[in-house]
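Novice: Structure provided below as structure tokens; questions to follow.
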Amino acid sequence: MLDTLDAAAVRRWCASGLAALKRHQGEIDELNVYPVPDGDTGTNLVLTLTSAQQALSMDLDTLPDSGPTAHGHALRLMAQGALLGARGNSGVILSQILRGFADAVVAVPVVRGQALAVALRAATAAAYTAVGRPVEGTLLTVVAAAATGAEQVG
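This note's numbering puts the first residue of the sequence shown at 9, with every later residue one more than the last.
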């Protein structure tokens, strides 16, 4: 079990998240009914997270002399890559989840339970802010539930 979030863990998290999305891409596409049943949410999430992973793999070791921690730098790379490669509404929302998360932990030296819960709540706020008319039962609900779960454990 991971005791703290570090740059290597961020890299593994991104890769495993992308692999899980790819495994369930078709299911997610079929679930997609809001705002229109266009059946591409899983595909858009895979494409967006693929861009995040590519950005992460290009520059993980280039840390500035001051400022973000290594894990914060890695998370910011993911968020930037996701935003630049965002596909559809779900991709934009995912990029904002990653940005909110990264912003919350970029300067936190050690990310453990409570800091993780705070970061997930910040990710939730960023995601809801990115949507003009938030609707429950979407990716927004998933990130909010993750934040609530982390807060209850933390």
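Just so it is clear, CB atoms sit at the ideal spot from N, CA and C, and this is done for glycine as well.
1) Between R19 and E35, what straight-line distance do the alpha-carbon atoms span, to the nearest angstrom?
2) For Q160, which residues from the same chain have a beta carbon less than 6 Å from its beta carbon, with the 5 sequence-adjacent residues on both sides left out?
3) Runs of 4 residues minimum, wholly inside the region 63-126: which ones carry the alpha helix (DSSP H) assignment?
4) Along the alpha helix (DSSP H) that carries A15, what are the first and last residues, could you check?
5) Cβ of T49 within 9 Å of Cβ of S98?
6) Taking the Cβ atom as the reference point for each residue, do A115 and G80 lie within a distance shorter than 9 Å?
7) So for A155, helix, strand or coil by DSSP?
8) Who are the Cβ neighbours of D11 in its own chain at under 8 Å, not counting the five residues just before and after it?
9) Skipping 5 residues on each side, what residues in its chain have a beta carbon closer than 6 Å to that of R163?
10) Check this for me: beta carbons of A90 and A63, under 9 Å apart or not?
11) Below 9 Å between beta carbons: does that hold for G108 and T132?
12) Alpha carbon to alpha carbon, how far is G47 from L13?
13) Give every residue of the same chain whose Cβ lies closer than 8 Å to the Cβ of V54, excluding the five residues on either side of it in the sequence, and list them in chain order.
14) Check G145 in the structure and name its three-state DSSP category.
Specialist: Let me spell this out:
1) Your numbering for residue 19 matches position 11 in the sequence shown. Your numbering for residue 35 matches position 27 in the sequence shown. Whole-angstrom Cα-Cα distance: 25 Å.
2) Taking the sequence shown and counting its residues from 1, the one referred to as residue 160 is at position 152. Nothing meets the Cβ criterion.
3) 78-92 and 96-113
4) Within the sequence shown, numbered from 1, the residue matching residue 15 stands at position 7. First-last of the alpha helix (DSSP H) with A15: A15 to L39.
5) For this step, residue 49 is matched to residue 41 along the sequence shown. For this step, residue 98 is matched to residue 90 along the sequence shown. The answer is yes: Cβ separation under 9 Å.
6) Against the sequence shown, residue 115 aligns to sequence position 107. Against the sequence shown, residue 80 aligns to sequence position 72. Yes.
7) Counted from its first residue, the sequence shown places residue 155 at position 147. Helix, per DSSP.
8) Here residue 11 is taken as the residue at index 3 of the sequence shown, counted from 1. A distance below 8 Å between beta-carbons, with the five flanking residues on each side excluded, links D11 to the following residues of its chain, in chain order: R120.
9) Not covered by the structure: residue 163. The range shown for the chain is 9 to 162.
10) For this step, residue 90 is matched to residue 82 along the sequence shown. For this step, residue 63 is matched to residue 55 along the sequence shown. The answer is yes: Cβ separation under 9 Å.
11) Here the question's residue 108 lines up with position 100 in the sequence shown. Here the question's residue 132 lines up with position 124 in the sequence shown. Yes, Cβ-Cβ distance for G108 and T132 is below 9 Å.
12) By one-based count along the sequence shown, residue 47 stands at place 39. By one-based count along the sequence shown, residue 13 stands at place 5. The straight-line gap from Cα to Cα measures roughly 34 Å.
13) Mapped onto the sequence shown, residue 54 falls at position 46. Within its own chain, the residues whose Cβ lies closer than 8 Å to the Cβ of V54, once the five positions on either side in sequence are excluded, are L26, L29, K30 and Q33, listed in chain order.
14) By one-based count along the sequence shown, residue 145 stands at place 137. G145 falls in the coil class under three-state DSSP.
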